[in-house]
Every structure is written in C-alpha cells, then in structure tokens.
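2 protein chains.
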Amino acid sequence: MSVSDLFEGDIVEAGAQVRIEPIQQRSTARLSGLLDAAAVVVDEVGFDRITTAMVAERAGASIGTVYRYYPDRVAVLHALRERAIQRYRLRVAREIKLADPKTAWETIDCAITAFVEMYRTEPGFRIMHFADRERLPISSASPADGIEVGFLAGQLAIALSERFGLPYGPDLLFRLEVMVEMAAAVLSRGFQSNVLGDERYIAEARRVIAVYLAGYYGEELEQDGAAVPVLESAE
Amino acid sequence: MSVSDLFEGDIVEAGAQVRIEPIQQRSTARLSGLLDAAAVVVDEVGFDRITTAMVAERAGASIGTVYRYYPDRVAVLHALRERAIQRYRLRVAREIKLADPKTAWETIDCAITAFVEMYRTEPGFRIMHFADRERLPISSASPADGIEVGFLAGQLAIALSERFGLPYGPDLLFRLEVMVEMAAAVLSRGFQSNVLGDERYIAEARRVIAVYLAGYYGEELEQDGAAVPVLESAE
DNA sequence: CTTCCATGATTGAGTTCCGATCGGTGACGA
DNA sequence: TCGTCACCGATCGGAACTCAATCATGGAAG
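The listed protein sequences derive, respectively, from chains Z and W. Read left to right, the first sequence gives residues 1 to 235 (the UniProt record's numbering). Read left to right, the second sequence gives residues 1 to 235 (the UniProt record's numbering).
If you want it as structure tokens, here you go:
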C-alpha cells in the first residue's frame, strides 16, 4: 500500500451536509457550482457578510436552489470547508506521488507544499483557518485516546507509522496535531497580508516543523547545506 | 521604564468602533455591559448564530441601545475583540509585574500564561482565534518594514530589545510574529476540546516557543532539574 | 440645597432586508 | 409519455436596523 493511497479514500461525512443527494447529472454540476460561487464570495466579502442571495446570483441559480441542497446559510460554509478538506487531501496525495518522499519529514513537507498550493489556487481556502471550528465536528479517530484527532493528523499518523516506523500511539497523534496547528497558523499568517503567500513565513513554517519533528524523532537534519537548528530527543 | 509599562498604555483604536463616545457614566457601564452580554452569547451560540436581539436581551437593554453604540452586528464582535485584546495586554502587564521575569524567555512565558488565564476567565475570548482577522486591521507598527506587525509581537519586540538586548529590527519582529501565531494556535487547540485547557497542549506550547527562541537567541539552561532550553540575557 | 432644563441615554414599534419555504413549472430519463 | 428530479421566485417570518418620543442625568441658576 502506497502512502498516497491513504489520502485518496473517502472519509465519512460528518453529519448530513446536503439535504438531497444529486441524482441527475446536471445537479452535481449545480452543487459544485454553488460551492464555487460561495468560495468566491467568501474571498470577496468575508464570512460575516456572505448572504445566500450572493451565492445564488453568483452561481446563476435562484435562492430556492441553494436551499434545495443546503439547510441554511452556515451549512453552505460547512460544505465549502468539507470540500476544501477533500481537495486538500487529494492534493497531498498527488504531491506525495510526485515527490516520492523518502523520509517522514519529506512526507510532512508534501503536506505543507500542498497546503500552500491550495491557498494559491483554491478560492475560499481561508475558510480552513478562519471558520469557527467549534461547530464543525471533524471525523475523529479515537476519542478514547483522550485526544480528538483532526483528519490530517490522523492520516499522517497512519502513513508515518506504517511507512517510516514511527511508533503509532497517542504521542504521535498529539505531536502531529501540534504540528498541524503550528504549520497552519504560520502559513495562514503568510497569506494574510500577501495573497501569493509571504515566502518568509512559508519557509519558516517548513523549518519550524522540521525542527519539531527532528526534536522527537530525528537526529541531525541537513537542508540546503545550511545547518538547521535541531532539537535533541528530550527526557 | 519597566517592561510591564509597555503593555499598559492605550493603543490607537483602529477605525471607529463606537458611533458615540459615552459621556455620562451610566453609558460607559451600558457599553461594557453590552460587550459582556455579547461575550456570553458568543460562548453560548457561536459567532454565526449570534443576534443583536440576544445581546440586547442578555444585557437588559433594548435593541435601540445596541445600535446607538455599534453600527451593525459585526461591529459588536469587532469591539468585543478589541476589548479582549486590551484586557489581554493588561493581564500581560500584571503577569510581568508578578513574575518579574529575568530573561527574555520568562517575559514571553508571561504572555503565554496571561493568554491561558484569559481563556479561562474571559468569556468570549475564543474570538481572538476564530474571528475573521482579514477584516480586522490591528494597530500595525511599520508596514514599511515589509511586515505588518500585530500588537503583541510589536510590544514584545520593544520590550525584549530594550530590556534584554535582543537586536531590534525586522528579524525580531518577524520571529515574534511567528511565535505569536504558533503559540496562539497550539494554545487555542488546547481549549478546543477542553474548556479548562488541555495541559498537554499548554505545556507543549511553552516548550515549542522556548525552543524556537533558543534556536535564534539562546543557549541552554537548567530549569526544574529537567534540561529545558532557556534564553539567557542576550548580548 | 433645591429647582430646572439642556442634553445624553433609552426605548420599542416600525421599516427594510435577508434567510428560508413551498407550490408550481420545466427538464430529464426510462 | 409519464414519474420523478430539478428549478424557480413570489412569499413569509424573522432579524437587522431606524427614529421619534420619552426618560434620566448632572450641572447651572437661584
């Protein structure tokens, strides 16, 4: 089983997203068209100001059509987020196939690269960072572990343990969860003032994550010839 | 000049927050009462679902009063965020007075402690992490540096350079900006599933920031017997 | 110290606008 | 050709927001 396969499967939808599953073909196009419109509108006016009318108009549909598929305004945003997550996962998979990572770090780096790519090409991707996550239960792995795991941390944990022998368990999940939060925060900060993404923040995100990973699992790490500060295994 | 003084002054309000500055005393109470109500409502129903009617009722005021002070619904949220920032700054000042930090790291650690305290005691503090920051320009220091600096990073930069000799400049600002993002992200994650704050995330946030700081400015020191990277008074 | 009143503060019914519905119409596919 | 799917948009309910009337305050005048 290839690492990238992990990122290509379907994940269970958390809660009913759409009211009606599309049957005919045109409706599938409508559905994604609505989300496309929502994505653009989000970029244009922000979350607070988005209205269903805007989405409908932008999608060339009527109000009723929006409500045929989504129960309310926020459900549209949730769906947008879900789709963004799905697409991000696919992009990670693609990136992994492309880069063929030989280490755990390179694998994680693929996830970072994919994240940056998404920010640059996917309208409305900011929703990943800014949406109110409280009310967006994500598919969690094992609450019994005393930690709810986001989709990315969960998938990476499986990939890294199976492929590169990192010991699977609460510790790995926790650390990946921390990594995901840190990387997402710094990267998003890089896109806050610069739509193309401030390269300094992007580079720093990579470096920070590399150091963090090395601190727990790695020895020394070379990158571009420059000596990167590395953390020794604590304890 | 004490370090904590830096965190006690007033900062310029970014954009007109309130329509009318309160003159009489009772109105000041009303204003903060409205924000108190908003904070509670935010915690209860989330951002999307908050209504001006809820805020008014919870504050024991009428709808009209809300609109006397705030131009619209989102303005209330913005004001709530501004106040949270103000209170956080005061709390950092208090924490610094209390802990009397001897190193740059200890100073930053005060900011972390204050952040955790705020999460625990200040209703609606989540707004710091979840609000759409795009439309909330914060008082920036010097856009000419090629980097917009958040209030915290800016203040910390001044404090750390003046008190502990860290070289002031774009690099320091950038690194503090990164630190702020990382710490806020990990800490907020710790409060996502646990209202009291998951201690593992809090501890990890401290550790990560300490390591990051040490990576640029520090050597190693001892703390609590365990080898924890700590920053010496630089220079 | 009391009265008085200009002005700040508050109210809540009313207006506008947006979120959401639903019955009617058109389009697909079998 | 008919049953079902998809779409529309007038319409309703409720939330955002206004404003003219009313109340409260605190300082000035006596």
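Positions of the beta carbon are idealized from the N, C-alpha and C atoms, including for glycine.
Coarse secondary structure for residue i, derived from DSSP in three states
| i | result |
| --- | --- |
| R49/W | coil |
| A59/W | coil |
| F7/Z | helix |
| V74/W | helix |
| A131/W | coil |
| I20/W | coil |
| S27/W | helix |
| F151/Z | helix |
| R126/Z | coil |
| Y69/W | helix |
| G218/W | coil |
| P101/Z | coil |
| G33/W | helix |
| Q86/Z | helix |
| G197/W | coil |
| G169/W | coil |
| F174/W | helix |
| F191/Z | coil |
Selected residue, minimal CA-CA separation from residue i, among the options
| i | options | result |
| --- | --- | --- |
| R49/Z | D36/W, L31/W, D72/W | D72/W |
| S27/Z | E44/Z, Y69/Z, A37/Z, I158/Z | Y69/Z |
| R200/W | S188/Z, E177/Z, A214/Z | E177/Z |
| L35/W | L77/W, R87/W, G218/W, T121/W | L77/W |
| A29/Z | A61/Z, V42/Z, D5/Z | A61/Z |
| N194/W | A99/W, I23/W, R126/W | R126/W |
| V208/Z | E95/Z, L98/Z, D109/Z, F151/Z | D109/Z |
| S161/W | R87/W, Q24/W, Y217/W, G64/W | Y217/W |
| D43/Z | F130/Z, L31/Z, L98/Z | F130/Z |
| I96/Z | D5/Z, F191/Z, Q192/Z | D5/Z |
| residue 286/W | A99/W, L31/W, V41/W, T51/W | Outside the shown range of chain W (1 to 235) lies residue 286/W, about which nothing can therefore be said. |
| residue 257/W | Y168/W, Q25/W, T121/W | The question about residue 257/W has no answer here: the residues shown for chain W are numbered 1 through 235. |
| R87/Z | L152/Z, G64/Z, Y168/Z, A157/Z | L152/Z |
| M179/W | A157/W, Y168/W, F164/W, R163/W | A157/W |
Residue j beta carbon less than 7 Å from that of residue i
| i | j | result |
| --- | --- | --- |
| A53/W | A37/W | no |
| V116/W | I20/W | no |
| A111/Z | R91/Z | no |
| A84/Z | M128/Z | yes |
| R159/W | L187/W | Looking at the sequence shown, residue 159/W is not Arg but Ala. The answer is no: Cβ separation not under 7 Å. |
| V149/Z | L173/Z | yes |
| R81/W | F7/W | no |
| A39/W | P170/W | no |
| Y119/Z | G46/Z | no |
| V66/W | A75/W | no |
| R175/Z | E181/W | no |
| A99/Z | A185/W | no |
Closer than 6 Å: residue i CB and nearest the ligand ATP heavy atom
| i | result |
| --- | --- |
| C110/W | This structure does not include the ligand ATP; it has no bound ligands of any sort. |
Outcome for residue i when other beta-carbon atoms lying within 10 angstroms are tallied against a minimum of 16
| i | result |
| --- | --- |
| Q155/W | buried |
Does the count of Cβ pairs from the segment 203-218 of chain W and the segment 99-107 of chain W closer than 8 Å reach three? At 8 Å Cβ cutoff, the stretches touch.
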